[in-house]
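> First to last, the protein sequences are chains A and B.
The numbering of the first sequence is the working numbering, which starts it at 4 and goes up by one.
The numbering of the second sequence is the working numbering, which starts it at 4 and goes up by one.
Number of protein chains: 2
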Amino acid sequence: MKVYTYWRSLATFRVRIALNLKGLTYEPIEVNLDAGDQHQPAYKNVNPQMVIPSLVLDDGSLIYQSAAILEYLDEVYPKPPLLPADAKGRARVRALSLITVADSHPLITPRVRNYVATTYGLDDEGKAGWVRRWFAQGLDAYEGHLSRDAATGTYCHGDLPTMADLCLASHCAGYTVFKGTLDRHPTVKRIYERCMADERFASAHPLRQPGAPKAH
Amino acid sequence: MKVYTYWRSLATFRVRIALNLKGLTYEPIEVNLDAGDQHQPAYKNVNPQMVIPSLVLDDGSLIYQSAAILEYLDEVYPKPPLLPADAKGRARVRALSLITVADSHPLITPRVRNYVATTYGLDDEGKAGWVRRWFAQGLDAYEGHLSRDAATGTYCHGDLPTMADLCLASHCAGYTVFKGTLDRHPTVKRIYERCMADERFASAHPLRQPGAPKAH
Numbered sequence: 004m005k006v007y008t009y010w011r012s013l014a015t016f017r018v019r020i021a022l023n024l025k026g027l028t029y030e031p032i033e034v035n036l037d038a039g040d041q042h043q044p045a046y047k048n049v050n051p052q053m054v055i056p057s058l059v060l061d062d063g064s065l066i067y068q069s070a071a072i073l074e075y076l077d078e079v080y081p082k083p084p085l086l087p088a089d090a091k092g093r094a095r096v097r098a099l100s101l102i103t104v105a106d107s108h109p110l111i112t113p114r115v116r117n118y119v120a121t122t123y124g125l126d127d128e129g130k131a132g133w134v135r136r137w138f139a140q141g142l143d144a145y146e147g148h149l150s151r152d153a154a155t156g157t158y159c160h161g162d163l164p165t166m167a168d169l170c171l172a173s174h175c176a177g178y179t180v181f182k183g184t185l186d187r188h189p190t191v192k193r194i195y196e197r198c199m200a201d202e203r204f205a206s207a208h209p210l211r212q213p214g215a216p217k218a219h
Numbered sequence: 004m005k006v007y008t009y010w011r012s013l014a015t016f017r018v019r020i021a022l023n024l025k026g027l028t029y030e031p032i033e034v035n036l037d038a039g040d041q042h043q044p045a046y047k048n049v050n051p052q053m054v055i056p057s058l059v060l061d062d063g064s065l066i067y068q069s070a071a072i073l074e075y076l077d078e079v080y081p082k083p084p085l086l087p088a089d090a091k092g093r094a095r096v097r098a099l100s101l102i103t104v105a106d107s108h109p110l111i112t113p114r115v116r117n118y119v120a121t122t123y124g125l126d127d128e129g130k131a132g133w134v135r136r137w138f139a140q141g142l143d144a145y146e147g148h149l150s151r152d153a154a155t156g157t158y159c160h161g162d163l164p165t166m167a168d169l170c171l172a173s174h175c176a177g178y179t180v181f182k183g184t185l186d187r188h189p190t191v192k193r194i195y196e197r198c199m200a201d202e203r204f205a206s207a208h209p210l211r212q213p214g215a216p217k218a219h
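1) So with Cβ pairs under 9 Å, would you call histidine 208 of chain A a contact of chain B?
2) Is tyrosine 118 of chain B close to chain A? Criterion is C-beta to C-beta, closer than 9 Å.
3) Are valine 54 of chain B and aspartate 106 of chain A touching if we call contact CB-CB under 9 Å?
4) Below 7 Å on C-beta distance, what does tyrosine 29 of chain B contact in chain A?
5) From which residue to which residue does the beta strand (DSSP E) around tyrosine 102 of chain A run?
6) Considering isoleucine 32 of chain B, what are the terminal residues of the alpha helix (DSSP H) in which it resides?
7) For serine 173 of chain B, which residues of its own chain have a beta-carbon under 6 Å away from its beta-carbon, when the five flanking residues on both sides are left out?
8) Do you know how far the Cα of aspartate 201 of chain A is from the Cα of valine 191 of chain A?
9) Please compile the residues from chain A whose C-beta is within a distance smaller than 7 Å of the C-beta of alanine 144 of chain B.
10) Any idea if threonine 103 of chain B is buried or exposed, counting beta-carbon neighbours within 10 angstroms, 16 or more meaning buried?
11) Considering Cα atoms alone, identify which of B/Arg136, B/His42, B/Val49 and B/Gln43 is closest to valine 6 of chain B.
12) So with CB distances below 8 Å, who are the chain A contacts of proline 83 of chain B?
13) What residue does the alpha helix (DSSP H) around isoleucine 55 of chain A start on, and which one ends it?
14) Isoleucine 20 of chain A by DSSP, collapsed to three states: which one?
15) Does the ligand SAH have a heavy atom nearer than 8 Å to the CB of leucine 27 of chain A?
16) Leaving out five residues before and five after alanine 120 of chain A in sequence, what residues of the same chain have Cβ atoms less than 7 Å from its Cβ?
17) Going by other Cβ atoms of all chains shown within 10 Å of its Cβ, with 16 needed for buried, is alanine 144 of chain A buried or exposed?
18) In whole angstroms, what is the alpha-carbon distance linking alanine 153 of chain B and glycine 161 of chain B?
19) Using C-beta distances below 8 Å, list every residue in its chain close to serine 69 of chain B, excluding the 5 sequence neighbours before and after it, in chain order.
20) Which residues in chain A have a C-beta closer than 8 Å to the C-beta of leucine 110 of chain B? List them in chain order.
21) Can a CB atom of chain A be found closer than 9 Å to the CB of alanine 215 of chain B?
22) Name the residue from A/Asp37, A/Gly63 and A/Val96 whose alpha carbon lies nearest to the alpha carbon of asparagine 117 of chain A.
23) With a threshold of 7 Å on Cβ separation, who are the neighbours of lysine 47 of chain B within its own chain once the five nearest residues in sequence on each side are excluded?
24) Just by C-beta distance, which residues in the stretch 55-73 of chain B are closer than 7 Å to chain A?
25) Given isoleucine 32 of chain B, which residues of its chain have a CB within under 6 Å of its CB, disregarding the five upstream and five downstream residues?
26) Between which two residues does the alpha helix (DSSP H) containing isoleucine 111 of chain B stretch?
27) Please determine, among B/Arg114, B/His208 and B/Pro87, the residue with the shortest C-alpha to C-alpha distance to threonine 155 of chain B.
28) Pick from A/Tyr178, A/Leu169, A/Gly183 and A/Ala176: whose alpha carbon is nearest that of arginine 97 of chain A?
29) Using a Cβ cut-off of 9 Å (strictly closer), state whether glutamine 41 of chain B contacts chain A.
30) Kindly identify the DSSP beta-bridge partner or partners of isoleucine 72 of chain B.
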C-alpha cells in the first residue's frame with residue numbers, strides 16, 4: 004500500500020503510529036504541503052479533497068480521512084486491536100479520539116490558520132496563539148474525561164494503546180510544537196509520555212520524518 | 004436512554020436521524036445552548052467537554068461525540084445498518100461522514116464562530132460568511148468524491164441511507180440555514196433532497212424541534 008504523507012501532518016502522524024503498531028510496511032509518497040503539492044492535479048486525482056493522509060491499496064482503492072483509515076486498518080489487520088471488544092468501550096475510545104479529530108485538529112490545520120492569519124492580520128505569535136487556544140480546549144476535554152473515568156489505565160483505555168492514544172499523541176505533539184506545555188493536564192501528560200517512550204509512537208513523530216527541520 | 008439535545012445542534016440532528024432510522028425511542032433533555040446551559044455544573048457532570056449531543060444509557064453510561072454515538076447505535080442496534088458490510092465500503096462511508104464531522108462542522112460551531120466574531124469584529128453577515136466558507140469547502144469535497152465514485156447511488160453509498168447521508172444532511176441543513184445554496188453541487192443536492200423527502204430525516208431537522216423559531 005501507498006501512504007501520501009508529509010512530515011508535518013498530524014493526521015498522518017496518527018496513521019503512521021497505527022501502521023507501526025500493526026507492523027505494516029508501506030510506500031510513503033511525499034505531498035509537500037508547504038509547496039502546495041496537495042492542490043496539484045497529480046494529487047487532486049488521488050483525493051479530490053486535496054488533504055492528506057491518503058492510503059491507496061494495491062488494487063488502487065482509496066482510503067482517506069485519518070479516522071476512517073485507522074478504522075479500516077483495524078478491521079483488516081486486527082492484531083493488535085486499536086479498539087476494545089465491547090461496544091461501550093469502543094464508543095469511549097472513539098469519543099476520546101474525536102476530541103482531537105473532530106473538535107481540535109480541524110481548527111488548526113494550515114488551511115484554517117493561514118486563512119485566519121491572512122484575513123485578520125495575525126503574526127506568527129498570533130497564529131501560534133490560535134493553535135494553542137483550540138488545542139488547550141481539547142486538552143481540557145481529555146483531562147476532564149480521563150481523570151474521572153475508571154476505564155482510564157496506563158493508556159487512555161486500559162493498559163494497551165488504542166486509537167485514542169494515537170489521537171492524543173498527535174494532539175500533544177502539535178501542542179508542544181506550538182510551545183504549549185502539558186503542566187495543567189497531568190493525566191494527559193502521563194499518557195503522552197508513556198506513548199512517546201514507545202519507539203512505535205516516537206519514530207512516527209513529525210520531527211523524525213524526512214524533510215523535517217532539525218530539532219532545536 | 005436519554006439524549007441531551009438542542010434544536011439548533013447539527014451534531015444532534017445526525018443522532019436524531021439515526022434514532023429514527025433504527026426506530027428507537029428516547030427521552031430528550033434540552034440543553035439550551037443559547038442560554039449557556041452546557042457550561043452549567045448540571046451538564047458538565049454529564050459530559051465534562053460541555054458539548055452536545057450526549058447519549059446516556061439506562062445503566063448511566065455516557066456515550067458522547069456524534070460520530071461515536073452513530074457507531075455505537077449501529078453496533079448495538081444493527082438493523083437497518085448505517086455502514087455497509089465490506090471494509091472498503093465502510094471506510095468510504097466513514098470518510099464521507101468525516102468530511103462533515105472532522106473538517107467542516109468543527110469550524111462553525113457556536114464556540115468557534117462566536118470567538119471569531121468577537122475577536123475579529125464580525126457582524127452577523129460576517130459570521131454567516133465564515134460558516135458558508137467552510138461548509139462550501141466541505142461541499143466541494145463531497146461533490147468531488149460523490150460525482151466520480153461508482154459506489155455513489157441514490158444515496159451517498161448505494162441505494163440505502165448510511166452514516167454518510169446523515170452527515171451530509173446535517174451539513175446541507177446548516178449550509179442552507181446560513182443562506183447557502185446547493186446549485187454548484189448537483190450530486191450533493193440530489194442526495195440531500197432524497198434524504199429530506201424521508202420523514203425519518205425531515206422530522207429530525209433543527210427547525211422542526213421544540214424551541215426552534217418558526218420557519219420563514
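Note that the Cβ used here is the ideal one computed from N, Cα and C, for glycine as well.
Please read all numbers here as calculations on a predicted model, not as lab measurements.
So, from the listed chains and residues:
1) Working through the first sequence from its first residue, we reach residue 208 of chain A at position 205. It does not; no Cβ of chain B falls within 9 Å.
2) As a first step, residue 118 of chain B must be located in the second sequence, where it is residue number 115. Answer yes: the Cβ-Cβ gap between tyrosine 118 of chain B and chain A drops below 9 Å somewhere.
3) The residue you call residue 54 of chain B lines up with position 51 of the second sequence. The residue you call residue 106 of chain A lines up with position 103 of the first sequence. Against a cut-off of 9 Å, the Cβ pair of aspartate 106 of chain A and valine 54 of chain B comes out as a contact.
4) Working through the second sequence from its first residue, we reach residue 29 of chain B at position 26. Residues of chain A passing the Cβ test: none, with the nearest at roughly 16 Å.
5) Position 99 of the first sequence, counted from the start, is the residue given in the question as residue 102 of chain A. Residue identity differs from the one stated: residue 102 of chain A is isoleucine in this sequence, not tyrosine. Element bounds for isoleucine 102 of chain A: n/a, residue is neither H nor E.
6) Here residue 32 of chain B refers to the residue found at position 29 when the second sequence is read from its first residue. That residue, isoleucine 32 of chain B, is in no alpha helix (DSSP H); its beta strand (DSSP E) goes 30-33.
7) In the second sequence, the residue the question calls residue 173 of chain B occupies position 170. Same-chain partners within the cutoff: Leu13, Phe16 and Arg17.
8) The residue given as residue 191 of chain A occupies position 188 in the first sequence. The residue given as residue 201 of chain A occupies position 198 in the first sequence. When rounded, the distance between both Cα atoms is 16 Å.
9) Along the second sequence, one-based indexing puts residue 144 of chain B at 141. Near alanine 144 of chain B (Cβ distances below 7 Å), the residues of chain A are Pro51 and Gln52.
10) Mapped onto the second sequence, residue 103 of chain B falls at position 100. By the 10 Å Cβ count, threonine 103 of chain B comes out buried.
11) To locate residue 6 of chain B, count along the second sequence from 1; it is residue 3. Among B/Arg136, B/His42, B/Val49 and B/Gln43, the Cα nearest to that of valine 6 of chain B belongs to B/Val49.
12) Mapped onto the second sequence, residue 83 of chain B falls at position 80. Result: empty, since nearest Cβ-Cβ is about 18 Å, beyond 8 Å.
13) What you label residue 55 of chain A is simply residue 52 of the first sequence in a count that begins at 1. Where isoleucine 55 of chain A is concerned, there is no enclosing alpha helix (DSSP H), given that its DSSP letter is neither H nor E.
14) Taking the first sequence and counting its residues from 1, the one referred to as residue 20 of chain A is at position 17. DSSP places isoleucine 20 of chain A in helix when its eight states are reduced to three.
15) Summarising the ligand content, the structure contains no ligands, and the ligand SAH is consequently not present.
16) Reading the first sequence from its first residue, position 117 is the one you call residue 120 of chain A. Hits under 7 Å: Gly129 and Lys130.
17) Along the first sequence, one-based indexing puts residue 144 of chain A at 141. Result: buried.
18) Here residue 153 of chain B corresponds to residue number 150 of the second sequence, with the count starting at 1. Here residue 161 of chain B corresponds to residue number 158 of the second sequence, with the count starting at 1. Looking at the two C-alpha atoms, the distance is approximately 9 Å.
19) Position 66 of the second sequence holds residue 69 of chain B. The answer, listed in chain order, is Ala14, Thr15, Arg17, Val18, Pro56 and Val104.
20) As a first step, residue 110 of chain B is located in the second sequence; it is residue number 107 there, counting from the start. Here the neighbours are Pro109, Leu110 and Val115.
21) The count along the second sequence starts at 1 and reaches residue 215 of chain B at position 212. No, no contact with chain A.
22) Here residue 117 of chain A is taken as the residue at index 114 of the first sequence, counted from 1. When each option's Cα is compared against that of asparagine 117 of chain A, the closest is A/Asp37.
23) Counting from one through the second sequence, the residue named residue 47 of chain B turns up at place 44. Same-chain partners within the cutoff: Met53.
24) Ser64, Ile66, Tyr67, Gln68, Ala70 and Ala71
25) If you number the second sequence from 1, residue 32 of chain B lands on position 29. Here the set comprises Lys5 and Tyr7.
26) As a position in the second sequence, residue 111 of chain B is number 108, starting the count at 1. Run containing isoleucine 111 of chain B: none; DSSP gives neither H nor E here.
27) Along the second sequence, one-based indexing puts residue 155 of chain B at 152. Comparing Cα positions, the closest option is B/Pro87.
28) On the first sequence, residue 97 of chain A is found 94 positions in, with the first residue counted as 1. Ranking A/Tyr178, A/Leu169, A/Gly183 and A/Ala176 by Cα distance to arginine 97 of chain A puts A/Leu169 first.
29) As a working note, residue 41 of chain B is residue 38 in the second sequence. No - not a single Cβ of chain A is within 9 Å of the one on glutamine 41 of chain B.
30) For this step, residue 72 of chain B is matched to residue 69 along the second sequence. BP columns for isoleucine 72 of chain B are empty, so no partner.
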